Structure formats: structure tokens, C-alpha cells
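So the structure is just underneath, and the comments pick up after that.
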Amino acid sequence: MKIKVIAFGYIADILGKDELELEDVSNTDLLKSKLYAKYPDLKGREYKIAVNQQIVSEDIPLNEDSEVVLLPPFAGG
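Sequential numbering from 1358 applies to the sequence shown in our numbering.
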């Protein structure tokens, strides 16, 4: 199963792109583990994960239709 991941801000800079696909990712904890293994500079950085336009704070299952977005901290005004 492939998951499409969209990244914004400094996260996209760390990844070197604003979109990528990861294989064999069944939940958000596994997603983070794979990202940290491939992009160690991401570890320890503050960001949120949104799945299907909902920010998640715990491990949730993913499927091929899941829209996953990595969001850095942002300020409003």
C-alpha cells in the first residue's frame, strides 16, 4: 500500500520536496518511523499530522485513500 504525503514549510525543505509516496505504511506511528529513518533531520522537530483534513495527535490507521499532510507550526494574525 502506498501513502501520498504532502509537506509544507520547513518540512518540505527537509524532505527536499513537497510531496512523496511511502510504501507499507498502515498507521501514523509507522509513517513517522519511516520518515525519521529516511529524513533524520525531521526527528525532534515540531509539526502536526493531518489525515483527511483532521489534525491527529495519536496513532491512527491509514489506507491508500488517506490524505496525509505534514504541517509545521504557523502563526495567524
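All residues carry an ideal CB built from backbone N, CA and C; glycine is no exception. Please read these numbers as outputs of a predicted model, since none were measured by experiment.
Are Lys-1361 and Glu-1376 touching if we call contact CB-CB under 9 Å? Yes.
Give every residue of the same chain whose Cβ lies closer than 6 Å to the Cβ of Met-1358, excluding the five residues on either side of it in the sequence, and list them in chain order. Residues of the same chain with a CB within less than 6 Å of the CB of Met-1358, apart from the 5 flanking positions on each side, are Glu-1421 in chain order.
For Pro-1397, which three-state DSSP category applies? Under the three-state reduction of DSSP output, Pro-1397 falls in the helix class.
In or out: Val-1413 buried (at least 16 other Cβ within 10 Å) or exposed? Exposed, because fewer than 16 other Cβ atoms sit within 10 Å of the Cβ of Val-1413.
Helix, strand or coil for Leu-1419, going by three-state DSSP, please let me know. It is coil, neither helix nor strand.
Which one of Val-1408, Leu-1392, Tyr-1404 has the shortest CA to CA distance from Asp-1432? A quick correction: the sequence has Ala, not Asp, at residue 1432. The shortest C-alpha separation from Ala-1432 is found at Tyr-1404.
Collapsed DSSP secondary structure at Ala-1407 in the structure displayed: Here Ala-1407 carries a strand assignment [DSSP, helix/strand/coil].
Measure from the alpha carbon of Ser-1383 to the alpha carbon of each residue in Gly-1373, Pro-1430, Asp-1416, then state which is nearest. Distance from the Cα of Ser-1383 is smallest, within the candidate group Gly-1373, Pro-1430, Asp-1416, for Asp-1416.
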